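For the sequence shown, the residue numbers in my numbering are 1 to 82. What follows is one structure encoded as structure tokens, with my remarks underneath.
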Amino acid sequence: MKKSLIAGLIAMALSGAALAFHCPAEMKKIDEALSKNPQLSAEQMAEVKKLRAEGESLHSAGKHQESLDTLEKAKKILKIES
Numbered sequence: 001m002k003k004s005l006i007a008g009l010i011a012m013a014l015s016g017a018a019l020a021f022h023c024p025a026e027m028k029k030i031d032e033a034l035s036k037n038p039q040l041s042a043e044q045m046a047e048v049k050k051l052r053a054e055g056e057s058l059h060s061a062g063k064h065q066e067s068l069d070t071l072e073k074a075k076k077i078l079k080i081e082s
């Protein structure tokens, strides 16, 4: 019983670490798309920048799944494939 509990805790810890490393990669994709001056309305551009900043803040706060969800919204506006 203890072995399976320990294995479960290790798996949970590693999955959180995997998400933590994934956030910066998603932010980089958004930054690269923005550097190419995408054809967006002013409102869309403002929304993308807001979502990008919010995603970074969530990542810094350790809320990696929320960060990824937020960054995904920005990627959708930019039409970035996941």
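We put the beta carbon where it would ideally sit given N, CA and C, even for glycine. Keep in mind that this is a model prediction, so the values were computed, not measured.
Asked	Found
Chain-order list of residues whose beta-carbon lies under 6 Å from that of R52 (same chain, five-residue window excluded)	I30 and A74
Span separating the alpha-carbon of E56 from that of Q39	23 Å
Residues of its chain near A33, where Cβ-Cβ distance is below 7 Å and the 5 sequence neighbours each way are ignored	L78 and I80
Range covered by the alpha helix (DSSP H) that runs through G55	A42 to S60
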